[in-house]
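With the sequence shown counted from 1, adding 1418 to any position gets you the numbering used here.
We treat Cβ as the ideally placed atom computed from N, Cα and C, and that holds for glycine.
Here is the structure we will look at.
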Amino acid sequence: MLRHSVFAFVFLLLSVSLQAQKPGIGLALSGGGAKGLIHIGILEAIDSAGLHIDYLTGTSMGSVVGGLYAAGYTGKQIEAFAQKIDWNNIFSGTPAYRNVSIEEKAEFQSYAVELPLENGTIKIQSGFMEAEELWLGLGEMFFPVYDQKDYTRFDIPFKCVAADLSNGMAVVMDKGEIVKSVRSSMAIPSVFTAIDYQDTKLVDGGVVRNFPVSDLIAMGANYCIGVNLSNGLEPPHALKSYLDVLLQISSFRDYMNFDVERKLCNLLIEPPIGTYSAASFSSSAKLIALGKEVGRAYYPQFKKLADSLLAIDYRSHSLTSRLPIQESVIIDSIAVTGLKITSLNYFTDKLNIRNGKSYTARQITEAIRKTYGSRRYTRIAFFFDTLAPGHALLRLEVIENPAAYIKAGLHYHSYTNFSAIGALSFRDFLIPNSNTLLKFNIGDNPRIMLQHLQPLFKPRMGLFVNVSYDRTNEPLFRDHSIEVVTSVRFFSASLALAHQFSSKMYAGIGANFRNIVSKPKVDPVYNVRAENSYWNTYLFLKRNTLDRKYYPREGYDISAKAAFIFAQDYKLDSIAKEQTTVNQAYGEYLQFQGKLQHYLSLSNRACLATRLQLNLNYAEKNVFMNAWSLGGLTEFMRNQVTFSGLQENEVTANSLAVLEAGYRRQLTTNFYLSGTANAALYSFAEYLKPISAADNFLSGYAVSLCYDSPIGPLEVSAMYCDQSKRWNSYVNIGYHF
1419 MLRHSVFAFV
1429 FLLLSVSLQA
1439 QKPGIGLALS
1449 GGGAKGLIHI
1459 GILEAIDSAG
1469 LHIDYLTGTS
1479 MGSVVGGLYA
1489 AGYTGKQIEA
1499 FAQKIDWNNI
1509 FSGTPAYRNV
1519 SIEEKAEFQS
1529 YAVELPLENG
1539 TIKIQSGFME
1549 AEELWLGLGE
1559 MFFPVYDQKD
1569 YTRFDIPFKC
1579 VAADLSNGMA
1589 VVMDKGEIVK
1599 SVRSSMAIPS
1609 VFTAIDYQDT
1619 KLVDGGVVRN
1629 FPVSDLIAMG
1639 ANYCIGVNLS
1649 NGLEPPHALK
1659 SYLDVLLQIS
1669 SFRDYMNFDV
1679 ERKLCNLLIE
1689 PPIGTYSAAS
1699 FSSSAKLIAL
1709 GKEVGRAYYP
1719 QFKKLADSLL
1729 AIDYRSHSLT
1739 SRLPIQESVI
1749 IDSIAVTGLK
1759 ITSLNYFTDK
1769 LNIRNGKSYT
1779 ARQITEAIRK
1789 TYGSRRYTRI
1799 AFFFDTLAPG
1809 HALLRLEVIE
1819 NPAAYIKAGL
1829 HYHSYTNFSA
1839 IGALSFRDFL
1849 IPNSNTLLKF
1859 NIGDNPRIML
1869 QHLQPLFKPR
1879 MGLFVNVSYD
1889 RTNEPLFRDH
1899 SIEVVTSVRF
1909 FSASLALAHQ
1919 FSSKMYAGIG
1929 ANFRNIVSKP
1939 KVDPVYNVRA
1949 ENSYWNTYLF
1959 LKRNTLDRKY
1969 YPREGYDISA
1979 KAAFIFAQDY
1989 KLDSIAKEQT
1999 TVNQAYGEYL
2009 QFQGKLQHYL
2019 SLSNRACLAT
2029 RLQLNLNYAE
2039 KNVFMNAWSL
2049 GGLTEFMRNQ
2059 VTFSGLQENE
2069 VTANSLAVLE
2079 AGYRRQLTTN
2089 FYLSGTANAA
2099 LYSFAEYLKP
2109 ISAADNFLSG
2119 YAVSLCYDSP
2129 IGPLEVSAMY
2139 CDQSKRWNSY
2149 VNIGYHF
């Protein structure tokens, strides 16, 4: 009995001794912005070799890739994520256009500058971007470990590094919300906003420790593999973007212990970066390919190390996903923090997530995207507090946009000349949950508009108030030549009730009063002044699924409006040697306008565009004051229907039907070349009579070179019309009113 006990004790000592000899393999992934995508290919090589990693650390982009790998994703799964990411959208700082609420689409991306106001002064943030899409993307990817708040209990124990903004010290994170920790680790100063953490704020860990090898040793690793994407401070010729400059400045302190971290590696991997920089996200596919090439070069060493470990009975590495199986979670309750301006009811109604229902990560992020699309929030981040297996409290941390903004832009158009555009927008001005906008255009064609949207009962039902005044110079044509230029003053006031069926569609009913005064600019000896006032009630519908506001690649834009016009009061004053006044009470008439635009993506750089438009005044006799205007390439005039080949207002009629087809090619990141052809029938429905003359038909073409600039679209076009036999030029610069 004693002999058996001694044997067991000796065997236990030998087992402990053997275990102590087994190395703990650590992997450190450095930061590097876009260059961090190289890590993916190296992880794939580690997977292929069957090498098991015991400890993992990362900084900045290395924390993102490393965190996903530690949670249980394979290198190939991480690559699949990276290939699907729209990097422009991730770093835009604004919602994707298709997620913007339908009532906000008209004002979205309509100004060169939008500055938040707080207590009457312009508010300066700690960074340019909160990057909502980054928060949501990370939330989706880390969803399988939503209930794990201790990163050392991931499939591979993990830590990531950020920097304390108050004292410049490293903060090594291994507990809490993994999404918030990773987002903190990559919060590049002055690019991304700093992240609140306990009593301080955190920024990119690359400021203090871009290559966290020493943290691996602190975790217990005695064999360290390090992937370093930095050569220390870059030479001046390598600083090619503002992001490179900011990273260089923020790396001054890290450079002091950079060589120390490198010397701690047993296997140091430093890929040939070449001309790639931290901002090279447009080259993501090439960076991943470079990582695979480096991985293949180091595969023999990974394989040799893996085989050596297996020889001493070391646990093998799974080549498949090591993630916990977690496809959905039942939301038992919702907690929201950070709301100061909008009400909780408004927010939760917009969110439309119900207690007791099961949701996937994608369903939750889509609900948040739609709420974010209301443009009331800078950030909506989501986390979970586990209540029971498969059940959780959904915790939403919200940062609201300031209640007021000042907006501005410049615009030039070959028809309207130069103008300055400005606006003041207010949330919850006098009435809770409301949106108020005062917008003005200063130039040869001054305009002013006041809009107010007031949600009723629930956010999906709203009351729209719109008051506007325009003064424009409009040419009148005869046989495609300008006969006279008229000064037109247009006043409109409307009240509408609309129901929002989704973030992409609404419909409603409204009433409108209009007053139009037209005065031709002719010899002062002879003067004519025409004025018409009328009321109308109308039904309307709008649906927009476009992926972009400018130069969309796919989706529909559908609008329709049916109106009944009544109580027309027409007055004509003509002054020659004596004044003559004619009053005419025109009767009621029906009006319809409908437009369908469709974009079909042919590739990442090419698309087909089609447009069908029908505008009709039925039983209308006052053509001069109420007619539709055909011509121009940008729609911003009253009653305007665009047409390639004609100048603005070149043809006026009570009925118009236009069919257009076009092809657009993206030449570079922001340059486009497009060609369009269109045909139109006009004056074909006077009391719905059939077409009676060949000159009711028009055809035209346009070729445009476009640049999507920070101040708005820059477009130069050449147009031709078969009927006028004339070429026309067209220039548009910036956002129009």
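Along the segment 1550-1587, the beta strand (DSSP E) occurs as fully enclosed runs of 3 or more residues at 1576-1582, listed in sequence order. Residue burial is scored here from C-beta neighbours: Ile1927 has fewer than 16 other C-beta atoms within 10 angstroms and is therefore classed as exposed.
Going by DSSP, Ala1605 is part of no alpha helix (DSSP H) at all; its letter is neither H nor E. For Leu1647, the three-state secondary structure derived from DSSP is coil. If the five residues before and after Leu2132 are omitted, its C-beta is found closer than 6 angstroms to the C-beta atoms of Tyr2125, Ile2151, all from its own chain and listed in chain order.
Residue pairing by DSSP puts Phe1800 in a beta bridge opposite Leu1814. Distance check between Thr1512 and each of Val1883, Asn1819, Glu2038 places Asn1819 closest, using alpha-carbon atoms only. In the three-state scheme derived from DSSP, where H, G and I count as helix and E and B as strand, Lys1939 is classed as coil. Under the three-state reduction of DSSP output, Thr1766 falls in the helix class. Counting along the chain, the unbroken alpha helix (DSSP H) around Ala1463 starts and ends at 1456-1467. For Lys1523, the closest of Ser1739, His1917, Ser1792 by C-alpha to C-alpha distance is Ser1792. By the C-beta criterion, the segment 1559-1573 is judged to be in contact with the segment 1585-1599, since at least 3 inter-stretch pairs fall below 8 angstroms.
For the 9 angstroms CB-CB criterion, Glu1521 and Leu1871 form a contact. Judged by their CB atoms, Ile1643 and Leu1685 are nearer to each other than the 9 angstroms cut-off. Note that the segment 1634-1643 does not touch the segment 1527-1535; fewer than 3 beta-carbon pairs, one per stretch, sit closer than 8 angstroms. The closest CA to that of Tyr1956, considering only Glu1949, Asn1950, Leu1913, Ile1976, is found on Leu1913.
In the displayed model, Asn2088 falls within coil according to three-state DSSP, outside both helix and strand. Around the Cβ of Asn1628, a 10 Å sphere holds 16 or more other Cβ atoms; the residue is buried. DSSP lists Ser1837 as the bridge partner or partners of Gly1861. Each of Asp1614, Val1902, Gly1713, Ser1761 was checked against the Cα of Asn1891, and the nearest Cα belongs to Val1902. The C-beta distance from Ala1715 to Asp1472 rounds to 23 angstroms, too long to fall under 8 angstroms, and the pair is not in contact.
The segment 2011-2030 makes contact with the segment 1970-1983: 3 or more CB pairs, one atom from each, lie closer than 8 angstroms. For the 9 angstroms CB-CB criterion, Pro1441 and Tyr1641 form a contact.
With 16 or more other Cβ atoms inside 10 Å of its own Cβ, Lys1788 counts as buried.
CA-to-CA, the gap between Ala1580 and Ile1613 works out to about 10 angstroms. Close CB contacts of Asn1507 within its chain, under the 7 angstroms cut and outside five residues either way in sequence, are with Ala1514, Glu1551 (chain order). His2154 and Phe2054 have their C-alpha atoms roughly 8 angstroms apart. DSSP, read as helix, strand or coil, puts Gln2058 in strand. In the DSSP annotation of this structure, the continuous segment of the alpha helix (DSSP H) that includes Ile1706 starts and ends at 1702-1729. Within its own chain, the residues whose Cβ lies closer than 7 angstroms to the Cβ of Thr1904, once the five positions on either side in sequence are excluded, are Glu1892, Leu1894, Ser1936, Lys1937, Pro1938, Lys1939, listed in chain order. The criterion of a C-beta distance shorter than 9 angstroms is not satisfied by His1829 and Gly2050. According to DSSP, Ser1977 shares a beta bridge with Lys1960, Lys2013. According to DSSP, Leu1486 shares a beta bridge with no other residue. When the beta-carbon positions are compared, Ser1886 and Phe1919 stay at least 9 angstroms from each other. Within the same chain, Ala1911, Trp1953 come within 6 angstroms of Phe1931 by CB-CB distance, once the 5 residues on both sides are set aside. Secondary structure note for Ile1635: its alpha helix (DSSP H) is the uninterrupted segment 1631-1637.
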